[in-house]
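Note that the protein sequences, when read in sequence, are chains A and B. So for the first sequence, this note's numbering puts the first residue at 18; every next one is plus one. So for the second sequence, this note's numbering puts the first residue at 26; every next one is plus one. By construction, the Cβ of each residue, glycine as well, lies at the ideal position given by its N, Cα and C atoms. Only a predicted model underlies this, so the values are computations on that prediction, with no experimental measurement involved. Heads up: the structure comes next, in C-alpha cells.
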Amino acid sequence: MRDAFSDTLVRLAKTDRSILLLTGDHGYALFDAFRRECPDQYINAGIAEQNMVGMAAGLARAGFRPFVYGLSAFIPIRVVEQIKLDVAHDDLPVIFIGDGAGFVYSHLGTSHQSTEDLACTRAIPGLAILSPADRHEVASAMQAAYDRKGPVYFRMGKADRGDVHPHPVDLPVGAPLPVRKGASGVSFLATGSMVSAANRLAENPAFDASVWSVPWIKPADADAIAAICESSRAVVVLEEHSIYGGLGSLVTEISCNCRAPKPVLRIGVADRFSDACGSYNYLLREHGLDDVTLEHSITDFLRGL
Amino acid sequence: MQDRSNSRFDPTRLRQTILEMAYAGSSGHIGCAFSIVEILAVLYRNHLNYPNNDPKHPNRDYLVLSKGHGVMAQYACMRELGWLSDADFQSYFADGSKLKGLSDSRIPGLEVTSGSLGHGFSVGVGLAKGAQLKGTRQKVFALVGDGELNEGTIWEGALFAAHHRLDNLLTIVDQNGLQAMGTTDEVLALGDVAAKFQSFGFDALTVDGHDEGAIDAALVELSNRSPGRPKALVARTVKGKGVPFMENNNIWHYTRLTEHTYQDALHALRTGDL
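Printed below as a string of C-alpha cells:
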C-alpha cells in the first residue's frame, strides 16, 4: 500500500512538474524514491505544520499542485483551521495526506493516534475525503485526488492488511465499491483498514454478508448508499475512527432519510482515548475492533433485530 | 494643511473613505485601518506592480494583508485603483454586501482570507517560495500587526523564509503598540521586534510608519541590499492616526461612529484640529 502510494506520487510528479511534496519532517523512508526522482519538487517544511499548510495555499495560488504530508494526528488535526481558511475557502488544489490514521502508532499513545480526523474534516465545505482500503484503492485514489483540482484529505491507515480487491479498481466519484456479494441480506460498509476485517467476517456462514468498501467519505453518492440500505435488512458500518462523525455517521445520515430505514450498527472507536499501549492488534482488541469482538458485536446486533 | 487631493492615494482622502465606509456600515476596526494608511499608500503608489491594473494578473506583486482587521484601508486604496465602486462603499455591511469586515480573498485585490491571525503571513511565504521556484521577479509584501506577532505561525514562516533565502518577501510590521485587550507590552511583550527578525536571518529596518518618504526610502533600501535575505520593515505607527480623539485609543478598535463622532472625525481630518 505504501509502495503504491510512493509509486503513484512519483509517477504523477514526473508527469506534472508543478506538483510539490511538502512534508513536516515526516516520511523518512517513504519518500526515498520521490527525493531521488523529483528532488526539486520536494520541500521539507520543518516541524511547523501550520505554516506548511499556509504555504501550500500560497504555492497553490502561484500555480503549483502541493501534496502536504504528515501523520494523520497532525495533518489534518493540528491544521484544521488552516485547511478551512487558507485552502478550502478558495477551493485550492491542495492534497493533504494524513498517514498512520487510526491506531497505527499503537505504542506511542494519544499524540500519534488519530480517530477524530474524519469528523473534523467532513464539515469543511468543499473538502473531498478519500480513505482507501488497499494498494489498488490507494493508486486510484491518488489519481482521483489529483484529478479533482480542489482540496482533498487523503486518509492512510494501517497499510499491511492485504488486498481487498483482486485487481486494480476505478473509483467513480462518491461511489461505494462492491467487494463481496452475500446472500443473507446483511450489508457491511467499511472504509480503510476495516474493509479487510469486514471481508473476513462476511465469510462467516452466520453472516454471509455483502461487503462494500467506501473510499469516498466525501463527496459520497447518497443515492448509492441509500440503495444499499434499502436493499438490505440490516447494515453494519465498520471504521477505525470515532463512531462520531465518520463513516457510521455518514451512513446513518443517509439511511434515516430512506422511506423504510433499516437498522444500522455503527462499529468504530467509542468516545474514548486508548488506555494502554501495545501491538496494533492489541489496540484493536482494546477498542473492540479485533475479529473476535467484532463477531460478537455483530452477532448480538443481528440477534436483537 | 497641504492640499494633496489630486495625488493618488492621498492619506487624508483614504482616511475619509474609511470613515465614510465605517459610518455607512456602522463597523468597527477604524483604528487599525488608520494605522496602515501611509504604508498602503506608499506600497500602491510606488512598489506594487499590477500589469494592466489587473488585480488578478498572474505576474502581479502580492500584497498580503495578514492583519485582516485593517481591510478598510485596503478597500480605500482599491477604490482609488478603480477596483471597487462607490456603490460597494455605500452598501458596506448591508445585507448581501460582498465586502466583509475582514480580508476575504474572493475579492480581487485581496490575496488572503485573514482576520484569524497568523494565516496570511504563511500564505505569503508560500507565494514568495512559488515565485522563487518559478524564477519570476514578483515580490510579496506581507503586512502583519504587532499583536499578530503573538502567533507562532509568524515565527515558523520566518524560519522558512530565511532558510529558503526568500529575498522577494518583504514583511511590514504595523507596530501600533495596541492589540485587542491592551498594549502589546501589557499583553505579551514583544521586545525588540527588528532585532527578533534580524536574529531569524532577516534584514530589518525601523521607520516612522506615517512618514511616506521614510517608508518609501526604507522599502527601496531593503529591496536593494542583502540579496538572499528576506526583509522586515518595522513601521512605528499610531492606532487611529489622523483623528486625534481616536489616536492611541483602543476603543476605536470596537466603537461604531455616531452622526456626531463621524462629523467630528471628518472635521479633524480636514483641518488637522484636535
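Assigned exposure category for residue i - 16 Cβ within 10 Å defines buried
i: Gln99/A; result: buried
i: Thr208/A; result: buried
i: Asp28/B; result: For Asp28/B, the pLDDT reaches just 42, beneath the cut-off of 50, and the residue's location in the model is therefore unreliable, although a value from the coordinates is still provided. Result: exposed.
i: Arg34/A; result: exposed
i: Lys235/A; result: buried
i: Phe270/B; result: exposed
i: Val212/A; result: buried
i: Gly41/A; result: buried
i: Ala214/B; result: exposed
i: Ile284/A; result: buried
i: Gly50/B; result: buried
i: Leu299/B; result: Note that Leu299/B scores 46 on pLDDT, short of 50, meaning its location in the model is unreliable and no value can be drawn from it.
i: Val231/A; result: buried
i: His82/B; result: exposed
Whole-angstrom distance between residue j and residue i, CA atom to CA atom
i: Asp307/A; j: Leu102/A; result: 38 Å
i: Ala226/A; j: Trp233/A; result: 21 Å
i: Asp49/A; j: Glu173/B; result: 38 Å
i: Met26/B; j: Phe118/B; result: Reliability of the predicted coordinates at Met26/B is poor, the pLDDT of 36 falling under 50, and the value obtained from them is presented with this limitation in mind. So the two alpha carbons sit approximately 32 Å from each other.
i: Asp20/A; j: Arg152/A; result: 8 Å
i: Ala158/A; j: Lys159/B; result: 29 Å
i: Glu45/B; j: Val67/B; result: 22 Å
i: Asn78/B; j: Leu106/B; result: 8 Å
i: Val27/A; j: Tyr100/B; result: 44 Å
i: Leu194/B; j: Lys164/B; result: 6 Å
i: Phe114/B; j: Gly262/A; result: 42 Å
i: Asp116/A; j: Arg82/A; result: 19 Å
i: Thr25/A; j: Lys166/A; result: 17 Å
i: Gly265/B; j: Thr32/A; result: 53 Å
i: Val232/B; j: Arg281/B; result: 31 Å
i: Ala79/A; j: Gly145/B; result: 14 Å
i: Pro183/A; j: Glu154/A; result: 11 Å
i: Ala62/A; j: Phe51/A; result: 16 Å
i: Val252/A; j: Asn216/A; result: 14 Å
i: Asp289/B; j: Val268/B; result: 9 Å
i: Leu135/B; j: Leu322/A; result: 57 Å
Within-8 Å CB hit, residue i to chain A
i: Arg131/B; result: yes
i: Lys159/B; result: yes
i: Leu152/B; result: yes
i: Gly182/B; result: yes
i: Ala156/B; result: yes
i: Trp141/B; result: In the sequence as presented, Trp is not what sits at residue 141/B; that position holds Ser. Yes, its Cβ sits closer than 8 Å to a Cβ of chain A.
Proximal chain A residues relative to residue i, where beta-carbon distance stays under 7 Å
i: Thr178/B; result: Gln67, Asn68 and Gly71
Closer than 8 Å to chain B by CB, residue i
i: His106/A; result: yes
i: Ala74/A; result: yes
i: Gly87/A; result: no
Under 9 Å from the C-beta of residue i: neighbouring residues of chain A
i: His144/B; result: Gln67, Gly71, Ala74, Glu98, Gln99, Leu102 and Asp103
8 Å Cβ cut-off: residues of chain A touching residue i
i: Val148/B; result: Gly71, Met72, Ala74, Gly75, Arg78 and Asp103
i: Thr262/B; result: Within 8 Å Cβ-Cβ: nothing; Thr262/B doesn't reach chain A, min ~25 Å.
i: Thr138/B; result: Leu102, Asp103, His106 and Asp107
Interface partners of residue i on chain B, CB under 9 Å
i: Gly63/A; result: Glu181, Leu184, Phe185 and His188
Chain B contact residues for residue i, given Cβ-Cβ distances below 8 Å
i: Phe81/A; result: Gly155 and Leu158
8 Å Cβ cutoff, residue i in contact with chain C
i: His278/B; result: Absence of chain C from the displayed structure is noted, the protein chains being A and B.
Touching or not, the region 259-271 of chain A and the region 217-226 of chain A, by the rule of three or more beta carbon pairs under 8 Å?
Verdict: no, contact absent.
Do the region 86-102 of chain B and the region 150-168 of chain B make contact, defined as three or more Cβ pairs closer than 8 Å?
yes
Counting Cβ pairs closer than 8 Å, one from the region 212-224 of chain B and one from the region 241-259 of chain B, do we hit at least three?
yes
Three CB pairs or more closer than 8 Å across the region 176-193 of chain B and the region 106-118 of chain A:
no
For the region 116-123 of chain A against the region 83-92 of chain A, do three or more pairs of beta-carbon atoms, one drawn from each stretch, fall closer than 8 Å, so that the two count as touching?
yes
Can we say the region 31-41 of chain B touches the region 313-322 of chain A, given the rule of at least three CB pairs closer than 8 Å?
Contact between the region 31-41 of chain B and the region 313-322 of chain A is absent, because fewer than three Cβ pairs lie under 8 Å.
The region 195-210 of chain B contacting the region 50-60 of chain B, beta-carbon criterion three pairs below 8 Å:
yes
How about the region 284-297 of chain A and the region 136-151 of chain A: do they share at least three Cβ pairs that are nearer than 8 Å?
no
If contact is defined by three or more beta carbon pairs under 8 Å, each pair taking one atom from either stretch, is the region 51-63 of chain A in contact with the region 178-198 of chain A?
no
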